Amino acid sequence: MTQIIDNFAQISDKYDAALVDLWGCLHNGIKPFTAAVAVLEAFRDKGGTVLLLTNSPRPSSSVFTQLDGIGVSRDLYRGCVSSGDAARAALASGAYGKKVFALGPERDAPFYAGIDVAHVPLNQAEGIVCTGLFDDNVETPEDYRAIFLEAKNNGLKMLCANPDVMVDRGDKRIYCAGALAQAYSEMGGEAHYFGKPHPPIYDLAYQRLTQITGREVLPKKIIGIGDGINTDIRGAIGEDIDSLFITGGLAAGETATDGQPDPVKLNAFLAKAQLTPTYSMGHLR
Numbered sequence: 009m010t011q012i013i014d015n016f017a018q019i020s021d022k023y024d025a026a027l028v029d030l031w032g033c034l035h036n037g038i039k040p041f042t043a044a045v046a047v048l049e050a051f052r053d054k055g056g057t058v059l060l061l062t063n064s065p066r067p068s069s070s071v072f073t074q075l076d077g078i079g080v081s082r083d084l085y086r087g088c089v090s091s092g093d094a095a096r097a098a099l100a101s102g103a104y105g106k107k108v109f110a111l112g113p114e115r116d117a118p119f120y121a122g123i124d125v126a127h128v129p130l131n132q133a134e135g136i137v138c139t140g141l142f143d144d145n146v147e148t149p150e151d152y153r154a155i156f157l158e159a160k161n162n163g164l165k166m167l168c169a170n171p172d173v174m175v176d177r178g179d180k181r182i183y184c185a186g187a188l189a190q191a192y193s194e195m196g197g198e199a200h201y202f203g204k205p206h207p208p209i210y211d212l213a214y215q216r217l218t219q220i221t222g223r224e225v226l227p228k229k230i231i232g233i234g235d236g237i238n239t240d241i242r243g244a245i246g247e248d249i250d251s252l253f254i255t256g257g258l259a260a261g262e263t264a265t266d267g268q269p270d271p272v273k274l275n276a277f278l279a280k281a282q283l284t285p286t287y288s289m290g291h292l293r
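In the numbering used here, the protein residues as written are 9 to 293.
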């Protein structure tokens, strides 16, 4: 059974490094959460390493810029590993062809920077690269059925650069690339994922921690923090590291989080997911 804690400081002394999710944990896409910033600053000041681990389809250099724009200081963290970093390496390998159908908004253009691929119409493509919906303000996966049917019939593999299904932007819930990859798979297409909970992004994270600290950080000294039960928590459990589930994000309704989660609702939610995070709390603080 997960342990509900009041604040991260209760357990932070156990860990040398924290792999921290962004959306729903550190910020809401518009502004940072003050309490989350404060507790991570305290962890940093005691010698802990804060490494951001995000399913953003953008390379980490672009994530830094995005965080600057919403007021998250670079002094808070030592680095960032994004699903975009892992997915870019896969795309550069040629596994999805040299001519790809780019599925995603124009703001994700940095994902392709420096990679030798051509963007072509679907009927000329050798693969699909999905960073998100063209317009996540109004569209849903249902809007892509015709595209996916043609892609499946052409035998195209999809590279999904962001396994997140949904995130909260401010007070609005929007679909992400993971929802499109899921829909494509359900139609019989082949989709490959490169962010949490899949190993490639964690492999990059461990390499980055070694570079930052100058030594190997043992798994028992690392904690994964996030609000995605099937991304952050499933990934941490798969990597055999401790996890802190932030219930007031994506699962706020299911866990009846009002400051803290309702224990009965939380246990029912976790039983359905068949996952047990080491710790849970309403919001990172």
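Beta carbons are placed, not taken as given, at the ideal position from N, Cα and C, and that holds for glycine. Note that this is a predicted model, so its numbers are computed, not measured.
Test item: CB-CB of residue i and residue j under 9 Å
i, j, result
"Leu252", "Tyr287", "yes"
"Tyr120", "Ala110", "yes"
"Val45", "Val80", "yes"
"Lys306", "His200", "With the chain represented from 9 up to 293, any question about residue 306 goes unanswered, as that position is not in the structure."
"Pro1", "Ser91", "Because the chain here runs from 9 to 293, residue 1 falls outside it and cannot be looked at."
"Arg242", "Ala169", "no"
"Ile245", "Leu278", "no"
"Phe156", "Ala185", "no"
"Pro269", "Gly257", "no"
"Asp116", "Thr139", "yes"
"Ile12", "Leu274", "yes"
"Leu283", "Phe16", "no"
"Arg177", "Ile38", "yes"
Same chain only: Cβ atoms within 7 Å of residue i, ignoring 5 sequence neighbours per side
i, result
"Ser70", "Pro118"
"Ile249", "Pro227, Ile230, Ile231, Gly232"
"Ala98", "Leu167, Phe202"
Residue i - partner residues in DSSP beta bridges
i, result
"Met289", "Ile254"
"Lys107", "Ala126"
"Ser101", "Answer is none; Ser101 lacks a bridge partner."
"Arg177", "Lys180"
"Gly135", "Val108"
"Val89", "Leu61"
"Ile230", "Ala25"
"Pro40", "His35"
DSSP three-state assignment for residue i, whether helix, strand or coil
i, result
"Pro269", "coil"
"Asp83", "helix"
"Tyr183", "strand"
"Gln11", "strand"
"Asp64", "Strictly speaking, residue 64 in this sequence is Ser, with Asp absent from that position. Coil, per DSSP."
"Glu262", "coil"
"Glu224", "coil"
"Leu27", "strand"
"Thr284", "coil"
"Pro113", "coil"
"Gly32", "coil"
"Glu247", "coil"
Beta-carbon contacts of residue i that lie in its chain and below 6 Å, excluding the five residues immediately before and after
i, result
"Leu61", "Leu27, Val89, Ala213"
"Tyr23", "Lys229, Ile231"
"Gly196", "Lys160"
"Pro208", "Ala94, Phe202"
Beta-carbon proximity list for residue i, same chain, < 8 Å, skipping 5 on both sides
i, result
"Ile220", "Thr57, Leu59, Arg86, Gly87"
"Pro271", "Ile12"
Item checked: Ordered list of beta strand (DSSP E) runs contained in the region 143-218, each at least 3 residues -> Counting only runs of 3+ residues, the beta strand (DSSP E) found wholly inside the region 143-218 occupies 165-168, 174-177, 180-183, 198-201, in chain order.
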